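Residue numbers (the working numbering), protein chains in the order written: chain A, -14 to 257; chain B, 127 to 413. Even for Gly, the Cβ is constructed at its ideal location relative to N, Cα and C. Keep in mind that this is a model prediction, so the values were computed, not measured. Below is one structure; the comments refer to it alone.
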């Protein structure tokens, strides 16, 4: 099967231009940014101020934070309110993974179903583009956009920690764990979400129904977040690397399925 | 000898257990328009898709611009074909120029900007280049879609229902454009429901209903079946007599028989049947 980058970038560029002109596709991604940032700052910054007690004074999360300090090197050397705040910023950072999942899903479903609704797949397939190039093009723009958005959210998160938390918290949050989470795990999760969305979109005629199915991906992440916050599990750097490797294997499998789904004949005769 | 740029030999296509196209053979020569007529579900679009290298036949051979289509050559063959799909399929949020530039890049054309301008000028749409495709009328969208099919200057054009849903003026414009393209020496296969359009455009007409039921010039198709009836008017008789015949060569014997019976024949008229009659004869009237 042929593969030419000029064809991939030609179509990805077109998708990017369409995306800019389609606020409906970008809206869920942007909303997710606020949805992912809000709980952390509500719990870590707003609630103690409203109650008039710091975490150190209330004793909330002190036990979990002390336990986490043994596993997360960035927490070592911190104490009192700064330790709990850093612990919580680490825990809530998992929620930021919703941004790559939801935004890539929203953008990918529009990229594929948009072509179906415009009836532009057949003329597109009549060009020399290979189906692998088509799959690559349909994932490239959503991937880059969602990755940029995710990293933007991480910067906002750190900036928020710098401004609102105790001195030294932002620096402790911006450690290897965060780097692994958004430099390795984040792109892997995003790519999985993207591929699932593209595959589901081949069978759906409306972006929302595709997003509902793809939304099932959020469930395991939410379960891990809750388990982590209640102290049942603690996700350390090793767990992040292992999960990323597992996702790499899953992504390879999803690419294989995606290539099968993106056969010219299937697109023309079986896609609905 | 005419150069066949489209050759289909014993083409068949089966989807699961449904036969969509069976044993279709046809050629389209350079500078020729062949129209494919057929009812809905007759296999016209499937035939077009096979000829465009979009789907492979279950059996038979296709050569486009002298390239035999197989899994490995379909990409090259697609480069020789301009396909106009039934729906224009434009990216409506983007400008006409961006639509075409994207296709130009997909085809790997050099000097894309110039090529797009030339093609837009060809279909008389240069002044609408900056407009969003979604703001154009249906007729203009169809012209943009034709421009898209012409961008890479393919020698073969496959046009699926090119005037479907267009108002008479837009349809006229598209038909004139198709005739221009023929004069440039392209091989053009048009799928249509419009018998008048087929008669106006086609050098040859194929009637398809899973199989190719007929393929000939419009005149030959009518003539072949024109002798089905002959109307004989005799002196002293108010009602003309209609006789069924197999071909025009039957007429002298019928006239001789009338004369032998002592009748004085005033006029003998082989019935001039329309293309519609011929078409309905071939595909059956499924009302």
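- Proximity of the segment 145 to 156 of chain A to the segment 70 to 84 of chain A meets the contact definition, three or more beta-carbon pairs being nearer than 8 angstroms.
- Cα atoms of residue 43(A) and residue 168(A): separation of roughly 35 angstroms, rounded to the nearest angstrom.
- Annotation for residue 138(B): 145, 147, 148, 149, 150, 183, 184, 185 and 186 place their beta carbon closer than 8 angstroms to its own, counting only its chain and skipping 5 residues before and after.
- Contact between residue 161(B) and residue 328(B) holds: their C-beta atoms lie close to 4 angstroms from each other, under 8 angstroms.
- The bridge partners DSSP lists for residue 118(A) come to none.
- C-alpha of residue 184(A) to C-alpha of residue 81(A): approximately 24 angstroms in a straight line.
- The same chain holds no residue with a CB closer than 6 angstroms to that of residue 372(B) once the five nearest residues on each side in sequence are set aside.
- The alpha-carbon separation between residue 396(B) and residue 369(B) amounts to approximately 10 angstroms.
- Taking the CA atoms as reference points, residue 143(A) sits about 27 angstroms from residue 233(A).
- Here the alpha carbon of residue 330(B) sits roughly 43 angstroms from the alpha carbon of residue 2(A).
- Here the C-alpha atom of residue 38(A) lies approximately 21 angstroms from the C-alpha atom of residue 155(A).
- When beta bridges are read from the DSSP output, residue 320(B) appears opposite no residue.
- Nearest to residue 92(A) by alpha-carbon distance, out of 29(A), 241(A), 250(A) and 180(A), is 180(A).
- Rounded to whole angstroms, the gap between the alpha carbons of residue 293(B) and residue 242(A) is 44 angstroms.
- As computed with DSSP, residue 369(B) is found in a beta bridge with 356(B).
- Under the criterion of beta carbons closer than 8 angstroms, residue 131(A) and residue 88(A) qualify as touching, at roughly 4 angstroms.
- Residue contact check for residue 7(A) against chain B: a CB pair falls below 8 angstroms.
- Residue 341(B) sits in a strand when the DSSP states are folded into three classes.
- Here the C-alpha atom of residue 99(A) lies approximately 22 angstroms from the C-alpha atom of residue 175(B).
- Runs of alpha helix (DSSP H) with 4 or more residues, each lying fully within the segment 185 to 247 of chain B, are found at 200 to 204 and 222 to 232, listed in chain order.
- Contact annotation: residue 281(B) and residue 196(B) have beta-carbon atoms that are not nearer than 8 angstroms.
- Each residue's CA atom was taken as its position, placing residue 34(A) and residue 27(A) some 10 angstroms apart.
- Judged by their CB atoms, residue 317(B) and residue 171(B) are nearer to each other than the 8 angstroms cut-off.
- Contact between residue 7(A) and residue 274(B) does not hold, since the beta-carbon distance rounds to 21 angstroms and is not under 8 angstroms.
- A Cβ-Cβ contact shorter than 8 angstroms links residue 231(B) with residue -5(A).
- 224, 228, 229, 231, 232, 233 and 234: these are the residues of the segment 222 to 235 of chain B whose beta carbon lies less than 7 angstroms from some beta carbon of chain A, given in chain order.
- Contact between residue 205(A) and residue 162(A) does not hold, since the beta-carbon distance rounds to 19 angstroms and is not under 8 angstroms.
- In this structure, the beta-carbon distance from residue 304(B) to residue 253(A) does not fall below 8 angstroms.
- Each residue's CA atom was taken as its position, placing residue 242(B) and residue 158(A) some 52 angstroms apart.
- Annotation for residue 159(B): the continuous beta strand (DSSP E) segment containing it runs 158 to 163.
- In the assembly as shown, residue 247(A) is a buried residue. Its beta-carbon has 16 or more other beta-carbons within 10 Å.
- In the DSSP annotation of this structure, the continuous segment of the alpha helix (DSSP H) that includes residue 42(A) starts and ends at 40 to 43.
- Residue state for residue -9(A) is assigned as helix, using DSSP reduced to three classes.
- Those residues of the segment 242 to 276 of chain B placed with their C-beta closer than 9 angstroms to a C-beta in chain A are 258, 271, 274 and 275, ordered along the chain.
- Interface residue (Cβ-Cβ distance to chain B less than 8 angstroms): residue 254(A) is classified as such.
- Annotation: the continuous beta strand (DSSP E) that includes residue 146(B) extends over 144 to 155.
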